[in-house]
Amino acid sequence: MIQKSTHNPYVLVVEDDPDQSRLLEVGLGQQGFRVTAVRDARSALHRLTLERFDVVVSDLNLPGMHGDELLRLIRNVDKKLPFIMLTGENDVDVAVRAVRDGADEYLMKPASVGKVVQHILSAMDRRRRSADQDRKLRNADMAQLKAFMSGVQALVNSLETKDEYTRNHSKKVAQIALMMAQQLPGMDKRQLREIRVGAWLHDIGKIGIPLTILHKEGKLNDEEWEEVKKHTIYGARILEPLAKHYPHVQAIVRHEHERWDGGGYPDGLAGTDIPLGSRLIMIADTYDAICSTRPYRKAKSREFALKVIQEGAGTQFDPSLVPVFEQTYHEFPCPV
Ligand SMILES: [Fe+2]
């Protein structure tokens with residue numbers, strides 16, 4: 002017997018046979034369970050919408066909807082609610098199928114209260130252990146993600162030390178891309194997070210470009226230029242371990258230099274084949290580059306940046322994102 006309290010397992014008994022139903026209701030109650038008994042599957046579904054049960058004990062042969070159909074409907078919305086099927090002797094095949102379809106256990110009728118209790122407790126225990134296991138895996142997963150992100154932060158820091166220009170550039174591009182994305186209809190939290198992370202890490206692959214090229218003050222020759230272009234591919238490679246948690250970040254980084262007209266790199270994607278995050282970065286990156294002082298030229302005003310972006314609508318930039326930029330650009334940082 003288990004100690005009586007409001008936390009005691011709450012059992013929904015679905016049984017049309019009045020004797021068996023009464024036996025379970027009284028017997029389980031005496032064993033310390035809280036019990037609600039109903040006579041058919043529809044009433045069971047109704048009760049499940051009103052209250053939270055810890056376990057369902059259901060007969061297979063019910064009037065109208067059978068127990069296996071009830072199980073299927075429950076599993077559509079709740080994969081984890083322990084479910085015990087009671088069957089007549091000839092229903093073993095169906096019962097075995099029911100277990101395969103998500104029932105935790107099945108019991109032949111007439112089932113003694115002792116047996117039902119034993120099965121309820123073991124089903125609940127198994128579910129609890131599997132929930133603990135899931136939680137541990139999730140925690141381990143999060144710890145791994147955190148460790149990876151702090152490694153990436155270290156890479157961003159070292160890139161920013163290596164390349165004066167990128168200092169704070171990643172952060173500003175992320176801020177601008179995110180503010181624009183927030184203006185778009187139908188964006189969910191996850192998409193916004195991926196765009197922010199992708200924009201923050203967009204130039205991470207520059208860590209693989211030789212300093213002599215990265216710091217060169219004059220014009221790059223063709224060979225050096227080809228080398229610089231590889232930073233998109235290096236970036237996607239560095240972010241490989243992030244694919245499990247943020248599947249789109251890698252693609253956003255790989256394609257951040259693709260142009261709307263297909264003339265960009267590394268894959269020459271065009272139009273909406275380019276990930277949305279990359280199309281936003283293309284605008285944000287251009288804006289921040291114009292507003293920043295570089296070794297070979299002084300920073301220009303945000304109005305000048307606006308003009309460049311308007312002129313590039315439909316060639317370099319996604320034309321549907323340029324109006325979004327026009328509405329928001331006055332909020333973006335620009336020292337001039
Ligand atoms: Fe870049």
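If you read the sequence shown in the numbering used here, its first letter stands for residue 2, the second for the next number, and so on. Glycine included, C-beta positions come from ideal geometry on N, C-alpha and C.
Determine the DSSP secondary structure at Glu106, reduced to helix, strand or coil.
-> Residue numbering aside, residue 106 sits at position 105 when the sequence shown is read from its first letter. Here Glu106 sits in strand by DSSP.
Where Val100 falls: helix, strand or coil (DSSP) | Your numbering for residue 100 matches position 99 in the sequence shown. DSSP places Val100 in helix when its eight states are reduced to three.
Out of curiosity, what's the CA-to-CA distance linking Asn222 and Arg295?
-> Residue 222 sits at position 221 when you count from the first residue of the sequence shown. Residue 295 sits at position 294 when you count from the first residue of the sequence shown. Approximately 19 Å, taken between the alpha carbons.
Taking only the alpha-carbon atoms, compute the straight-line gap between Ser44 and Ser279 and give it to the nearest angstrom.
-> Looking up residue 44 in the sequence shown gives position 43. Looking up residue 279 in the sequence shown gives position 278. Cα to Cα, Ser44 sits roughly 52 Å from Ser279.
What whole-angstrom Cβ distance do Ile210 and Glu224 have, given they're in contact under 8 Å?
-> Numbered from its first residue, the sequence shown carries residue 210 at position 209. Numbered from its first residue, the sequence shown carries residue 224 at position 223. Between Glu224 and Ile210 the Cβ distance is about 13 Å, and since that is not below 8 Å, they are no contact.
Would you decide whether Gly315 is buried or exposed? Buried here means 16 or more other CB atoms lie within 10 Å of its CB.
-> Counted from its first residue, the sequence shown places residue 315 at position 314. Exposed, by the Cβ-count rule.
Verify whether the separation of the beta carbon atoms of Asp41 and Pro10 is less than 8 Å.
-> Here residue 41 corresponds to residue number 40 of the sequence shown, with the count starting at 1. Here residue 10 corresponds to residue number 9 of the sequence shown, with the count starting at 1. Contact flag unset, no.
Simplified DSSP assignment, three categories, for Thr7 = Counting from 1 along the sequence shown, the entry for residue 7 is found at position 6. Confidence is the limiting factor: at Thr7 the pLDDT is only 48, short of 50, which leaves the residue's position unreliable, though a coordinate-based value still follows. Thr7 falls in the coil class under three-state DSSP.
Could you tell me which of Ser293, Thr287, Leu108 sits nearest to Lys308, measuring between CA atoms?
-> Stepping through the sequence shown from its first residue, residue 308 is reached at position 307. Among Ser293, Thr287, Leu108, the Cα nearest to that of Lys308 belongs to Thr287.
Bounding residues of the beta strand (DSSP E) (the contiguous stretch that carries Ile85) = Numbered from 1 along the sequence shown, position 84 holds the residue referred to as residue 85. 84 to 88 is the extent of the beta strand (DSSP E) around Ile85.
For Gln145 and Gly33, the rounded distance between their alpha carbons | Start at 1 with the first residue of the sequence shown, and residue 33 comes out as number 32. Start at 1 with the first residue of the sequence shown, and residue 145 comes out as number 144. Cα to Cα, Gly33 sits roughly 42 Å from Gln145.
Inspect the beta-carbon positions of Thr167 and Gly206 and report whether they are closer than 8 Å.
-> For the purposes of this step, residue 167 is taken as residue 166 along the sequence shown, with counting starting at 1. For the purposes of this step, residue 206 is taken as residue 205 along the sequence shown, with counting starting at 1. No, the pair does not count as a contact, with Cβ atoms beyond the cut-off.
Using 7 Å as the cut-off, classify the Cβ of Asp126 as near or not near the heavy atoms of ligand 1, replying yes or no.
-> Here the question's residue 126 lines up with position 125 in the sequence shown. Because no heavy atom of ligand 1 lies under 7 Å away, the Cβ of Asp126 does not count as near it: no.
7 Å CB neighbourhood of Val27 in its chain, flanking five on each side removed | As a first step, residue 27 must be located in the sequence shown, where it is residue number 26. Once the five neighbours on either side are set aside, Val27 has no close Cβ partner at all.
For Leu202 versus Gly152, is the C-beta spacing smaller than 8 Å?
-> Working through the sequence shown from its first residue, we reach residue 202 at position 201. Working through the sequence shown from its first residue, we reach residue 152 at position 151. In this structure, Gly152 does not lie closer than 8 Å to Leu202 by Cβ.
Between the Cα of Val118 and those of Leu138, Val95, Ser171, Val58, spot the shortest distance and give me the residue it belongs to.
-> In the sequence shown, counting from the first residue as 1, residue 118 sits at position 117. The shortest Cα separation from Val118 among Leu138, Val95, Ser171, Val58 belongs to Val58.
Sequence-distant residues of its chain with Cβ nearer than 6 Å to Asp55 (five each side left out) = Within the sequence shown, numbered from 1, the residue matching residue 55 stands at position 54. Excluding positions up to five away in sequence, the list reads Pro10, Tyr11.
Check: Asp268 C-beta below 7 Å from any heavy atom of ligand 1 | What you label residue 268 is simply residue 267 of the sequence shown in a count that begins at 1. No, the Cβ of Asp268 stays beyond 7 Å of every heavy atom of ligand 1.
Neighbourhood of Met125 by C-beta distance below 8 Å, restricted to the same chain and skipping five residues each side | For the purposes of this step, residue 125 is taken as residue 124 along the sequence shown, with counting starting at 1. Answer for Met125: Pro10, Asp55, Val56, Pro83, listed in chain order.
Along the chain, where does the alpha helix (DSSP H) that runs through Thr294 open and close?
-> Stepping through the sequence shown from its first residue, residue 294 is reached at position 293. Where Thr294 is concerned, there is no enclosing alpha helix (DSSP H), given that its DSSP letter is neither H nor E.
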